[in-house]
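Have a look at the structure below before the remarks.
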Amino acid sequence: MTTRRSDTALAHAGRDRQLSAGTVNIPPFRCSTVLFEDLAAFEDHSQGSEAFRYARDGTPTARALESAYAELEGAAGAVATCSGLSAVTVALSSFLRPGDHLVLSEGAYEPTVAYAQGVLQEFGVSVTLVPPAIGGRIGEALQPNTRIVYLESPSSGTFELQDLPAIAAAVRAAAVQRERKPLILIDNTWSGGLFHQPLSLGADVVIQAATKYISGHSDAMLGLVACNEATLASIRRNAKLQGIYASPDDCWLGLRGLRTLAVRLRQHMATGLALAQWLAEQPAVAEVLHPGLPQHPQHALWQRDFSGASGLFAFRLQRQYDREALRRMLDGLQLFGMGYSFGAFESLLIPVRLPPHRSTAAADDRPLLRLHAGLEAMEDLQADLAAGLARLETA
Ligand SMILES: Cc1ncc(COP(=O)(O)O)c(C=O)c1O
Numbered sequence: 001m002t003t004r005r006s007d008t009a010l011a012h013a014g015r016d017r018q019l020s021a022g023t024v025n026i027p028p029f030r031c032s033t034v035l036f037e038d039l040a041a042f043e044d045h046s047q048g049s050e051a052f053r054y055a056r057d058g059t060p061t062a063r064a065l066e067s068a069y070a071e072l073e074g075a076a077g078a079v080a081t082c083s084g085l086s087a088v089t090v091a092l093s094s095f096l097r098p099g100d101h102l103v104l105s106e107g108a109y110e111p112t113v114a115y116a117q118g119v120l121q122e123f124g125v126s127v128t129l130v131p132p133a134i135g136g137r138i139g140e141a142l143q144p145n146t147r148i149v150y151l152e153s154p155s156s157g158t159f160e161l162q163d164l165p166a167i168a169a170a171v172r173a174a175a176v177q178r179e180r181k182p183l184i185l186i187d188n189t190w191s192g193g194l195f196h197q198p199l200s201l202g203a204d205v206v207i208q209a210a211t212k213y214i215s216g217h218s219d220a221m222l223g224l225v226a227c228n229e230a231t232l233a234s235i236r237r238n239a240k241l242q243g244i245y246a247s248p249d250d251c252w253l254g255l256r257g258l259r260t261l262a263v264r265l266r267q268h269m270a271t272g273l274a275l276a277q278w279l280a281e282q283p284a285v286a287e288v289l290h291p292g293l294p295q296h297p298q299h300a301l302w303q304r305d306f307s308g309a310s311g312l313f314a315f316r317l318q319r320q321y322d323r324e325a326l327r328r329m330l331d332g333l334q335l336f337g338m339g340y341s342f343g344a345f346e347s348l349l350i351p352v353r354l355p356p357h358r359s360t361a362a363a364d365d366r367p368l369l370r371l372h373a374g375l376e377a378m379e380d381l382q383a384d385l386a387a388g389l390a391r392l393e394t395a
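Going by the working numbering, the sequence shown opens with residue 1, and the numbers climb by one from there.
Given below as structure tokens:
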């Protein structure tokens with residue numbers, strides 16, 4: 001673990017003159033076969049040496065990215081994967097076995113829940129969904145066979161925060177009579193790994209969809225899993241045996257993105273907060289779901305556990321506008337694009353359809369919209385939104 005401030009770490013982490021032959025950033029090592037020097041090196045490799053001997057087991061580009069991300073998260077190590085979702089599935093499948101129980105926040109990214117309920121349950125894992133803001137009451141959901149508590153903070157779509165220290169305390173308390181403590185896994189994509197350090201708050205494994213803020217330019221698919229000492233070897237082994245491979249081009253883009261993460265995120269935060277505050281005052285808007293706003297029910301938690309916000313939040317419209325009104329609003333936007341993902345320089349606005357397992361939040365049938373504030377000028381984005389909200393009302 002390092003004591004470097006995160007801005008400094010982002011500029012220097014993962015750099016190795018020998019690996020990169022002196023270049024500042026490491027280039028993408030596109031390869032499959034790596035030739036052994038001689039029989040001794042070949043034999044050494046089959047004994048488990050860490051030297052680069054086949055691209056699927058890692059390239060210098062992937063190692064550089066992993067080491068930089070591990071430093072950012074204060075982790076023992078990290079494993080790069082081919083997408084954010086593969087980071088989720090590799091992490092979960094590293095520990096769950098038939099007969100195990102998984103406690104999963106309802107607010108997790110929808111494909112994470114689909115993987116748990118679809119694939120893991122078929123492999124004999126039982127799954128209990130818990131409300132996203134459950135906090136220390138999570139103890140009530142733990143069973144003797146609970147192996148993993150899986151969290152995401154804030155929740156996808158509805159932006160509830162997890163009280164991670166309270167959850168970690170409840171898990172530790174429940175672990176007293178067991179052989180092993182359930183592991184806490186958390187998706188930390190919203191904070192980009194910069195504004196929230198879950199390992200220091202009691203998590204064992206942190207998942208990052210590096211496709212988003214870390215890459216930052218909508219041009220790479222990448223996942224990262226940051227691990228504590230106890231979990232690293234299992235996750236690395238599982239990723240390797242599943243043939244999970246992060247492409248060197250995408251690792252290179254991810255590493256390149258990391259170098260500017262801090263300045264980009266601060267700008268996303270400033271624009272996102274300004275737009276959130278402005279939206280909260282608009283008559284067409286019922287509520288804004290952004291933990292950085294004082295009216296968010298868990299604002300105090302955000303102030304305690306996060307050192308900033310990204311540019312992603314949601315807002316609910318005041319009433320049930322018909323589809324035609326929504327179409328007028330969204331299709332007429334000049335700057336906000338409609339597309340999945342987030343975290344890059346361009347702003348996005350999409351309607352959120354909460355899945356049926358989000359029973360409480362899904363019961364509200366007023367339109368919910370998810371906004372990603374990009375790097376455009378805040379005033380231009382605000383004007384685009386103002387015109388969009390006005391179009392809701394014009395027949
Ligand atoms: C919170 C969260 N986790 C994981 C993912 C999956 O990332 P990817 O699209 O890179 O597979 C996403 C994607 O939107 C996400 O929002």
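Every residue, glycine too, gets a C-beta built ideally from N, C-alpha and C.
In the structure shown, the three-state DSSP call for H45 is helix. The criterion of a C-beta distance shorter than 8 angstroms is satisfied by G14 and L255. Taking all protein chains shown into account, P132 has 16 or more neighbouring C-beta atoms within 10 Å of its C-beta and is therefore buried. In this chain, the alpha helix (DSSP H) harbouring T89 covers 84 to 93. Judged by DSSP in its simplified three-state form, C31 adopts coil rather than helix or strand. Contact check for D249 against P28 passes: the beta carbons are separated by less than 8 angstroms.
Within the region 53 to 141, complete beta strand (DSSP E) segments of at least 3 residues are found at 77 to 81, 101 to 105, 126 to 130, given in chain order. E229: member of the alpha helix (DSSP H) spanning 229 to 241, first to last residue. In summary, Q177 is exposed, with fewer than 16 beta-carbon neighbours lying within 10 Å of its beta-carbon over all protein chains present. Using a 10 angstroms sphere on the CB of H12, the tally of other CB atoms stays under 16, which defines it as exposed. Annotation for A286: R316, L317, Q318, R366 place their beta carbon closer than 7 angstroms to its own, counting only its chain and skipping 5 residues before and after. Contact annotation: L185 and Y150 have beta-carbon atoms nearer than 8 angstroms. A203 counts as buried, since no fewer than 16 other beta carbons sit within 10 angstroms of its beta carbon. In this structure, DSSP gives D187 an extended state, which the three-state scheme calls strand. Apart from the 5 residues on each side of it in sequence, L65 sits with its Cβ closer than 7 angstroms to the Cβ of G14, A80, C251, G254, L255 in its chain, given in chain order. Pairing L201 with L164 gives a Cβ-Cβ distance under 8 angstroms. With contacts defined as CB atoms closer than 8 angstroms, F342 and K212 qualify as a contacting pair. With fewer than three CB-CB distances shorter than 8 angstroms, the region 223 to 235 does not count as touching the region 257 to 272. In the DSSP secondary-structure assignment, I350 is bridged to R370.
Taking a C-beta distance under 8 angstroms as the contact criterion, R56 and G243 qualify as a contact pair. Under the DSSP definition of a beta bridge, Y321 lacks any partner. A distance criterion of 7 angstroms places the beta-carbon of T81 beyond contact range of ligand 1, judged by its closest non-hydrogen atom. Here DSSP, grouped into helix, strand and coil, assigns G337 to strand. In this structure, L85 has its CB closer than 7 angstroms to one or more heavy atoms of ligand 1.
Between the alpha carbons of F42 and L35 lies a distance of about 9 angstroms.
Counting C-beta atoms within 10 angstroms of its own C-beta, R30 has fewer than 16 neighbours from the protein chains shown and is therefore classed as exposed.
Excluding its 5 nearest sequence neighbours in each direction, W278 has C-beta neighbours in its own chain below 7 angstroms: Q382, listed in chain order. In the DSSP assignment, A286 falls within the unbroken beta strand (DSSP E) covering 285 to 289.
For V149, the enclosing beta strand (DSSP E) stretches over residues 146 to 152. The region 287 to 296 and the region 324 to 338 do not touch, with fewer than three beta-carbon pairs separated by less than 8 angstroms.
When C-alpha distances from S94 are compared across G311, V205, Q143, the shortest belongs to V205. Collapsing the DSSP output to three states places A220 in coil. Your pair T89 and A314 does not check out as a contact, with CB atoms roughly 25 angstroms apart and the cut at 8 angstroms. Excluding sequence positions up to five before and after I350, its CB lies within less than 6 angstroms of the CB of M338, R370, all in the same chain and listed in chain order.
If you look at A209, you'll find it in the beta strand (DSSP E) that goes 205 to 209.
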